[in-house]
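Counting in numbering that gives the first Met the number 0, the sequence shown runs from 0 upward without gaps.
Everything on this sheet refers to the single structure shown next.
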Amino acid sequence: MTPDFVIVGAGFFGCVCAERLASAGHNILILEKRNHIGGNCWSELDPDTGIEVHKYGSHIFHTPNQKVMNYLSRFTSLNEYRHTVWTTFKNQVYSLPINLGTINSYYGLNLKPFEVEIFLEKERGKERYDNPQNLEEQAIALIGRPLYEAFIRGYTIKQWGKDPKELAAEIITRLPVRNNYNNRYFNDTFEGIPIDGYGALFHKLLQHPNIQVQLNTDWFHVRDQVYGNAPVIYTGPIDQFFDYKHGRLEWRSIHFERQLHEVADYQGCSVMNYADPQIPYTRIHEFKHYHPERLKSEKTVIYKEYSKIVSETTEPYYPVNTPRNARLLNVYKQESADLKNIWFGGRLGDYCYYDMDDTVEAALILVDKLL
């Protein structure tokens with residue numbers, strides 16, 4: 000098969016592009032350097048427990064976007080899981096996002112919803128930032144220093160490997176603050192886990208006969224080979240595409256420590272954060288909670304998550320939002336705009352902290368333009 004398009008990477012962006020282009024009659028070749036499709040969203044059955052594990056950390060699908068949901072509904076349905084997150088600080092457990100329960104528990108108070116804003120305004124007034132310039136200032140401007148020090152600062156340092164003063168202010172806007180006891184992490188219309196798992200979803204996306212997938216194939220090892228004159232959709236790191244000629248963008252990677260436990264339930268929730276800086280891992284995932292509709296196992300498997308800097312042997316997960324990286328990204332973006340028959344996309348290709356629905360929507364938009 001001579002491909003009409005070569006797609007580098009089999010994550011959400013690459014797979015959606017492949018499915019749409021193949022359905023329009025094009026022959027697609029996907030090159031994926033891992034031994035499986037799905038990118039960091041891949042899930043599979045744990046061999047010891049039969050639990051569907053998210054191999055690269057928890058992925059909860061959520062979106063307010065009807066267009067995205069309509070598209071994915073052709074390949075999967077979502078179960079009824081609703082995401083909650085808890086955090087341990089000084090050996091006490093609190094609810095995240097920060098809500099009325101978190102505030103009352105931390106301060107030992109019994110505030111009512113209408114009293115929360117008045118209370119937080121007093122906390123913010125102790126150290127006011129009217130024009131926050133970094134993550135720390137933005138967080139204090141939202142919730143005051145005590146809550147920031149307890150739940151944000153230590154976790155952020157572990158997650159990003161940087162002092163919060165070095166990070167962009169907008170990072171903290173991903174975390175809502177509520178004046179009631181609502182502890183749902185997301186507020187979107189649609190939320191859940193693909194009923195058969197992410198692995199099954201990706202296999203359905205790529206089942207079209209016009210799609211050929213080559214696993215264990217690194218684009219940078221084969222890009223000098225001739226694939227006809229096929230245009231390329233590239234979803235790898237944008238700085239690597241240009242051989243880091245202008246410098247390396249900073250990425251964070253993740254290391255997981257798997258543990259099998261001979262108990263039915265280890266921590267009582269899917270994700271437990273650890274805010275204390277002296278605890279080396281950022282959170283623990285217990286995947287059995289993502290599929291309450293499945294048969295229960297008397298064993299459970301957990302993944303401890305450790306954040307680390309990207310090296311030559313680790314995968315990039317998160318772009319690091321600093322002014323220096325923003326400037327460098329702009330240089331690479333300008334150079335990529337001058338290229339013909341190549342498009343960049345996905346979290347790595349755009350160096351952007353996309354949610355899954357954002358990635359799907361961006362892929363659908365790109366294919367509409369190409370067609």
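Note that beta-carbon positions come from the ideal geometry of N, C-alpha and C, so glycine has one too.
*Within this structure, are the beta carbons of V231 and I341 separated by less than 7 Å?*
yes
*Name the one or two DSSP bridge partners that I301 has.*
Q258 and E285
*Spell out the partners DSSP gives R93 in its beta bridges.*
For the sequence presented, residue 93 should be read as Tyr rather than Arg. Answer by DSSP bridge pairing, in chain order: T86.
*Express the C-alpha separation of H290 and I50 in angstroms, rounding to a whole number.*
9 Å
*In terms of residues, what are the limits of the alpha helix (DSSP H) holding Q239?*
I237 to F240
*Where Y80 falls: helix, strand or coil (DSSP)*: coil
*asked:* Check this for me: beta carbons of Q211 and L30, under 7 Å apart or not?
replied: no
*Which word fits K121, buried or exposed, when buried means at least 16 other C-beta atoms lie within 10 angstroms of its C-beta?*
exposed
*Nearest CA to the CA of T86: which residue from Y80, F74, R73 and S104?*
S104
*Excluding the 5 residues preceding and the 5 following R127 in the sequence, name in chain order all residues of the same chain whose CB lies nearer than 8 Å to its CB.*
A140
*Assuming R247 contacts G160 under a Cβ cut-off of 8 Å, what Cβ separation, rounded to an integer in Å, is found between them?*
Not a contact, Cβ separation roughly 15 Å.
*Closest by C-alpha distance to T75, when choosing among Q206, A199, I156 and E148*: A199
_Could you pull the DSSP bridge partners for E120 from this structure?_
Per DSSP, none; premise fails for E120.
*Three-state secondary structure (DSSP) at Y317?*
strand
*Pick from I171, I97 and Y106: whose alpha carbon is nearest that of Q132?*
I171
*Which partner residues does V212 have in the DSSP bridge list?*
I29
*Do S306 and Q206 have their CB atoms nearer than 7 Å?*
no
*In whole angstroms, what is the alpha-carbon distance linking K125 and L119?*
10 Å
*Ordered along the chain, which non-local residues of its own chain (more than five positions away) have a Cβ less than 6 Å from that of K303?*
E256, Y280 and I283
*Where does H61 land, buried or exposed, given buried means 16+ other C-beta within 10 angstroms?*
buried
*Ignore the nearest five residues each way along the sequence and tell me which others in E292's own chain have a CB closer than 8 Å to its CB.*
N78, E79 and I194
*asked:* With H, G and I counted as helix, E and B as strand and the rest as coil, what does DSSP make of I341?
replied: strand
*Residue burial classification, R326 (beta-carbon count within 10 angstroms, cutoff 16)*: exposed
*Name the two residues that bound the continuous beta strand (DSSP E) containing S42.*
S42 to L44
*Specify the secondary structure class of N103 as computed by DSSP and reduced to three states.*
helix
*Given L370, which residues of its chain have a CB within under 7 Å of its CB, disregarding the five upstream and five downstream residues?*
A23
*asked:* In this structure, how does DSSP classify N133 when only helix, strand and coil are distinguished?
replied: coil
*Which one or two residues does DSSP pair with Y251 in a beta bridge?*
Strictly speaking, residue 251 in this sequence is Arg, with Tyr absent from that position. Paired residues: I308 and Y317.
*Buried versus exposed call for F12 [16 or more other C-beta atoms within 10 Å across all chains shown]*: buried
*Would you call N109 buried or exposed, if buried means 16 or more other Cβ atoms sit within 10 Å of its Cβ?*
exposed
_Cβ neighbours of S335 in the same chain (closer than 6 Å, five flanking residues each side left out)_ = F343
*Look up G191 in the DSSP assignment and say whether it is helix, strand or coil.*
strand
*Going by beta carbon distance, what residues of the same chain come within less than 8 Å of G201, once the five residues before and after it are set aside?*
The sequence shown places Phe at residue 201, rather than the Gly named in the question. Answer for F201: A9, C14, I36, G37, C40 and W41, listed in chain order.
*Quick one: grab the DSSP three-state call for F60.*
strand
*Since I192 contacts Y350 with CB under 8 Å, what's their CB separation in whole angstroms?*
About 27 Å separates the two Cβ atoms, so there is no contact after all.
*With 16 other CB atoms within 10 Å as the buried threshold, where does E169 fall?*
exposed
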